[in-house]
Amino acid sequence: MLIKTVFSGFGGQGVLMMGYILAVSAMRDGMHVTYLPAYGAEVRGGTANCTVSISDEDIASPVASSPDYVIAMNKPSLIRYEGQIKPKGTLFLNSDLVDIDPKREDIRVFKIPANTIAKKLGSERAINMIMLGALSAWTKITSIDSLINGLTEVIKTKSAKQMGINERGLEMGAKYVLKGA
4 MLIKTVFSGF GGQGVLMMGY ILAVSAMRDG MHVTYLPAYG AEVRGGTANC TVSISDEDIA
64 SPVASSPDYV IAMNKPSLIR YEGQIKPKGT LFLNSDLVDI DPKREDIRVF KIPANTIAKK
124 LGSERAINMI MLGALSAWTK ITSIDSLING LTEVIKTKSA KQMGINERGL EMGAKYVLKG
184 A
């Protein structure tokens with residue numbers, strides 16, 4: 004089993020953090036993992052993306068020319084990656100920031116109003132966790148509990164409030180995608 008996921012959005016949306024948390028969580032689960040980040044010179048406000056490959060065997064290449072899953076946090080990400088998703092793959096898009104519909108009919112699409120959900124949580128910084136929770140719940144790549152453990156390892160925050168918001172973001176993203184499945 005080899006699963007390749009692309010995370011893409013503007014710098015500052017936590018795109019690289021999503022991928023890194025997934026990579027750490029999958030490693031903790033005993034999987035083979037590669038994490039390949041890429042970002043523009045501007046970073047915040049520029050483009051950012053990363054690829055996470057997860058397998059129960061060695062991974063030959065971290066590149067995902069045909070990913071199984073794509074998280075598109077904004078319209079440019081949808082435009083760039085929609086055509087690359089494997090047939091029968093899945094696209095998770097932040098419907099609050101993407102005002103066009105995907106064109107492909109051979110992929111599954113989840114439109115997740117991540118900004119709206121994050122506002123209800125009290126922190127728009129949780130948008131990335133909402134999207135990551137949705138991915139985890141649908142794909143079963145790793146569990147929400149594993150993501151929470153990975154989150155705790157990656158984010159060394161002293162703010163119990165922000166950690167709680169991030170955890171609730173993962174859970175709310177999972178509930179949202181399973182409700183719409």
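Numbering (our numbering), first residue to last: 4 to 184. Even glycine gets a Cβ: it sits at the ideal position worked out from N, Cα and C. Here the structure is a predicted model, which means the values were calculated and not measured.
{"Item": "Assumed close pair residue 32, residue 149 - CB separation to whole angstroms, cut-off 8 Å", "Value": "6 Å"}
{"Item": "The beta strand (DSSP E) enclosing residue 107, as first and last residue numbers", "Value": "Careful: residue 107 lies outside any beta strand (DSSP E) and carries neither H nor E."}
{"Item": "Local Cβ density within 10 Å of residue 1, reported as buried at 16 or more and exposed below that", "Value": "Here the chain covers residues 4 to 184 and nothing more, so residue 1 does not appear."}
{"Item": "For residue 79 and residue 50, believed in contact at Cβ under 8 Å, the rounded distance", "Value": "7 Å"}
{"Item": "Beta-carbon spacing of residue 140, residue 180 below 8 Å", "Value": "yes"}
{"Item": "contact_flag[the segment 53–73, the segment 151–169] where n(CB pairs < 8 Å) is 3 or more", "Value": "no"}
{"Item": "Contact under 8 Å by Cβ, residue 135 with residue 21", "Value": "yes"}
{"Item": "Own chain, CB closer than 8 Å to residue 121, minus 5 neighbours either side, in chain order", "Value": "127, 128, 129, 130, 133 and 172"}
{"Item": "Per DSSP, cross-strand counterpart(s) of residue 82", "Value": "Per DSSP, none; premise fails for residue 82."}
{"Item": "Any non-hydrogen atom of the ligand COA within 7 Å of residue 154 CB", "Value": "Summarising the ligand content, the structure contains no ligands, and the ligand COA is consequently not present."}
{"Item": "Buried versus exposed, by CB contacts within 10 Å (16 or more), residue 159", "Value": "exposed"}
{"Item": "One or two residues paired with residue 55 in a DSSP bridge", "Value": "8 and 38"}
{"Item": "Option in 94, 110, 93 and 116 with minimal Cα separation from residue 100", "Value": "116"}
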